[in-house]
Structure formats: structure tokens, C-alpha cells
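Contents: one structure, followed by commentary.
Numbering (the numbering used here), first residue to last: 170 to 301.
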């Protein structure tokens, strides 16, 4: 859009390694992800339960301090008075023949530091669902 001279509001990106730092704080993350990977899609209820358990475990985690500080610095540089949209972007989202936009939750009109960090955390957590 920017290349087409369409006005695009300013923003900033939080890299995938921030999500990885968040998830790595979960002591049994490897085992939980292995259990999710082992699902074959034949039992939807089992997939829902596994995803819900993972989301619950992640919900107890704060945004890691280093990540939180970087996000807040970027937000302040952008202008902390601005309402934000917090959304995910799959790492393979911009493939020539495929788009994965909108798979995770999006939060609009986010205002304030605490709300921004919470929206980022909830966006990361929304990556885990029975539909993924």
C-alpha cells in the first residue's frame, strides 16, 4: 500500500523472536508443543482441550521484560497518544501464492502501555487454537 502511495498509518513490528522469548518462559513448552504436534486432526475435542490447556498455561505468563521494554520504546517513539491495532502476522504470510492474514486475534483501538502489552500477549496466545 505504501508503495502505491496509499496513506498507511505509522506502526512498528514485534519480531517472531519476541514470541519465542514469551513461550520459552513456559517450563514445559517443548512437551506441550510436542503434544499439540502429535494431534492428527481426527479428534476435534482432543484438539480443543489441548489448545485450551496450552492457552491457559501461556495466559499465566507476563511479556518478558526485555520484550516489554522494546515494545514500549517503539510505542513511545511512534507517539504514545496514538491508538494502535495489534495483530499477528504469520512468518509465511507474504508468500506469492498464499496469505495467512487474520489467523490470530486482532485488537483495535489499543491505548496505553498496559493495554498494549496485554494485547500483544493475547495475540500471541491466540496462535494456539483447535483450528491451527
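Just so you know, even glycine gets a beta-carbon here, dropped at the ideal spot from N, CA and C.
Span of the beta strand (DSSP E) holding residue i?
{"i": "residue 253", "result": "253-255"}
Taking the alpha-carbon positions, what's the residue i to residue j distance?
{"i": "residue 224", "j": "residue 210", "result": "18 angstroms"}
{"i": "residue 291", "j": "residue 274", "result": "8 angstroms"}
{"i": "residue 244", "j": "residue 181", "result": "8 angstroms"}
{"i": "residue 196", "j": "residue 295", "result": "19 angstroms"}
{"i": "residue 202", "j": "residue 222", "result": "11 angstroms"}
{"i": "residue 212", "j": "residue 272", "result": "21 angstroms"}
{"i": "residue 280", "j": "residue 250", "result": "8 angstroms"}
{"i": "residue 242", "j": "residue 285", "result": "12 angstroms"}
{"i": "residue 277", "j": "residue 253", "result": "6 angstroms"}
{"i": "residue 176", "j": "residue 185", "result": "26 angstroms"}
{"i": "residue 188", "j": "residue 172", "result": "28 angstroms"}
{"i": "residue 324", "j": "residue 206", "result": "Nothing can be reported for residue 324: it is not among the residues displayed for the chain, which extend from 170 to 301."}
{"i": "residue 231", "j": "residue 170", "result": "34 angstroms"}
{"i": "residue 319", "j": "residue 174", "result": "Summary: the structure shown does not reach residue 319, with the chain confined to residues 170 through 301, and so no result is reported for it."}
Compare the C-alpha of residue i against each of the options and name the closest.
{"i": "residue 190", "options": "208, 237, 215, 220", "result": "237"}
{"i": "residue 235", "options": "279, 281, 194", "result": "194"}
{"i": "residue 248", "options": "282, 232, 294, 256", "result": "282"}
{"i": "residue 257", "options": "232, 293, 231", "result": "293"}
{"i": "residue 246", "options": "170, 179, 174", "result": "179"}
Tell me, please, which residues DSSP counts as bridged to residue i.
{"i": "residue 279", "result": "253"}
Hey, would you say residue i sits closer than 8 angstroms to residue j, going by beta carbons?
{"i": "residue 297", "j": "residue 229", "result": "no"}
{"i": "residue 208", "j": "residue 216", "result": "yes"}
{"i": "residue 183", "j": "residue 240", "result": "yes"}
{"i": "residue 255", "j": "residue 226", "result": "no"}
Residue range of the alpha helix (DSSP H) that residue i falls in?
{"i": "residue 222", "result": "213-228"}
{"i": "residue 243", "result": "234-247"}
{"i": "residue 199", "result": "198-206"}
{"i": "residue 191", "result": "185-193"}
Consider the Cβ of residue i: report whether some Cβ of chain D lies at a distance smaller than 8 angstroms.
{"i": "residue 170", "result": "The chain inventory of the structure shown lacks chain D, comprising one protein chain alone."}
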